[in-house]
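Residue numbers (the working numbering): 2 to 104.
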């Protein structure tokens, strides 16, 4: 889990299987700690060394416990990836990121 802060909003991203297996779908759990539930949330990933993203767009689901699940993420190459989360909150657009290895 990687906590971060942006605009007074806190977030945590949990990806259970690390390093992430290459070419295998996985999920990310996202918590946004704010007074109100975010109006929108997106999750993307970028491979900084190659300047490209994933070949698939994850499906974001708001869970009943206030978390979000980004399902269908796939890292198609081994190496370092950066996962970016963008949340539309009452405080504005908050952005968070964490880095992971894919093997």
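The beta-carbon is built from N, C-alpha and C at its ideal position, and this holds for glycine as well.
Counterpart residues of residue i in DSSP-defined beta bridges
i	result
residue 71	29 and 61
residue 54	47
Sequence-distant residues of its chain with Cβ nearer than 8 Å to residue i (five each side left out)
i	result
residue 77	23, 24, 55 and 56
residue 20	101, 102, 103 and 104
Secondary structure of residue i, DSSP reduced to three states
i	result
residue 80	strand
residue 4	Low local confidence applies: a pLDDT of 49 at residue 4 is under 50, so the model's placement there is unreliable, with the coordinate-based value given in what follows. The answer is coil: DSSP assigns residue 4 none of H, G, I, E or B.
residue 38	coil
Exposure of residue i, with buried meaning 16 or more beta-carbon neighbours within 10 Å
i	result
residue 26	exposed
residue 94	exposed
residue 66	exposed
Other residues of its chain near residue i: CB distance less than 7 Å, five sequence neighbours each side excluded
i	result
residue 68	30, 31 and 32
Close beta carbons around residue i, own chain, < 6 Å, minus the five adjacent residues each side
i	result
residue 90	10, 35 and 39
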